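K.L.:
Starting off with a structure, shown below.
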């Protein structure tokens, strides 16, 4: 008697799903339309309360599996569930409202072959704003291994979590996504992964992320949110100056959000930890201006986005 051995897919595509009924069909179509076809799709339904699950269930492709959380656990837990249930050596992530160009997995495959010692593989990405305004991230990086990741990342995001693929043994060494962190969880994992592994990069945008209208930041929207422990990584890497600058930049971005939301105690805590020499003069000024000025700048940036312009986040 002979048994057919099931071949493991090259990629596992993890899609966390929570209340994305208007997007998930296009997201799945973009995955199933890939020119590279050796993959599985793991949808993690995080107890959606809209019609998202029903839409996903209409896709009967045998490469798609749906895993169900019994209670809502959040984005990090959904990604971790997908990782734990993945069969492939390489795990790619895609948010349920984002899209891939048809060549995305093909290009990631080439990166895994050409840079076998890397642990992370990513492409540039576009940002889709309301009214179908598509904006390029304008990041001038060359193809290949990214050197000085933390220096480049604090200038502008190199990748997002819809344009990244990670070798599974990376999670075994640096750990999974921290489920206790509820705001900026991507940054925490970025630090751990990029401290220990190389990033291989392709500089043409092959992913597109959906950016919603600028939401108002309020005290209630920030209440109870947990951010990463910046101090922990400084203590563990006291001589890494580029990491320190990157952590201070993230403190700066979070401090502005706290000030706009009226969380003054949290703003002051972060401010005390920032070495102001690690910020440029514009950033130092923005850190000190009143909250209403920050909110005005945020509104102006939103208007510029509607016109297809992409000002820096500084």
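Residue numbers (the UniProt record's numbering): 1 to 314.
Heads up, the beta-carbon is just placed ideally off N, CA and C, and yes, glycines get one too.
Keep in mind that this is a model prediction, so the values were computed, not measured.
1) Provide the residue span of the alpha helix (DSSP H) that contains residue 12, from first to last.
2) From the DSSP output, read off the bridge partner residues of residue 184.
3) Can you tell me the Cα-Cα spacing of residue 116 and residue 108, whole angstroms?
4) Measure the alpha-carbon distance for residue 62 versus residue 152 and round it to whole angstroms.
5) For residue 154, which of 173, 247, 33, 60 has the nearest alpha-carbon?
6) Where does residue 185 land, buried or exposed, given buried means 16+ other C-beta within 10 angstroms?
7) Mind checking whether residue 304 and residue 198 have CB atoms under 9 Å apart?
8) What separation, rounded to the nearest whole angstrom, lies between the Cα atoms of residue 49 and residue 22?
9) Let me know the secondary structure DSSP gives residue 279 once reduced to three states.
10) Can you tell me where the alpha helix (DSSP H) with residue 68 in it begins and where it stops?
11) Run through DSSP, which three-state label would residue 189 get?
12) Counting Cβ pairs closer than 8 Å, one from the segment 122 to 132 and one from the segment 74 to 81, do we hit at least three?
13) Within a Cβ cutoff of 8 Å, which residues of the same chain sit near residue 26, ignoring the five residues on either side of it in sequence?
14) What is the rounded straight-line gap between the Cα of residue 242 and the Cα of residue 10?
15) From residue 292 to residue 172, what does the alpha carbon distance come to, in whole angstroms?
16) Assuming the contact rule is C-beta atoms closer than 8 Å, residue 13 and residue 55 should be a hit. Round their C-beta distance to whole Å, please.
17) Just verifying my parser: in three-state terms, what is the DSSP assignment at residue 99?
18) From the DSSP output, in three-state form, read off residue 196 for me.
19) Can residue 113 be considered in contact with the ligand FAD, in the sense that its beta carbon sits closer than 8 Å to one or more heavy atoms?
P.N.:
In brief:
1) From DSSP, residue 12 is part of no alpha helix (DSSP H) but of the beta strand (DSSP E) over 11 to 17.
2) Beta-bridge analysis with DSSP links residue 184 to no other residue.
3) Their backbone Cα atoms lie some 12 Å apart in a straight line.
4) Cα atoms of residue 62 and residue 152: separation of roughly 40 Å, rounded to the nearest angstrom.
5) When only C-alpha atoms are compared, the closest one is 247.
6) So residue 185 counts as buried.
7) In this structure, residue 304 keeps its C-beta atom at 9 Å or more from the C-beta atom of residue 198.
8) Cα to Cα, residue 49 sits roughly 13 Å from residue 22.
9) Look at residue 279 here: in three-state DSSP terms it is coil, with no helix or strand label.
10) Counted as a single uninterrupted DSSP element, the stretch harbouring residue 68 is not any alpha helix (DSSP H) but the beta strand (DSSP E) occupying residues 64 to 68.
11) In the structure shown, the three-state DSSP call for residue 189 is helix.
12) In the pairwise beta carbon analysis, the segment 122 to 132 is classified as not touching the segment 74 to 81: fewer than three pairs are separated by under 8 Å.
13) If we look at residue 26 and ignore the five residues flanking it on each side, its Cβ neighbours are 99.
14) One C-alpha to the other measures close to 34 Å.
15) The C-alpha of residue 292 lies about 45 Å from the C-alpha of residue 172.
16) About 17 Å; that fails the 8 Å criterion.
17) Strand, per DSSP.
18) In this structure, residue 196 counts as helix in the three-state DSSP scheme.
19) The ligand FAD is not among the ligands present in this structure, which contains no ligands whatsoever.
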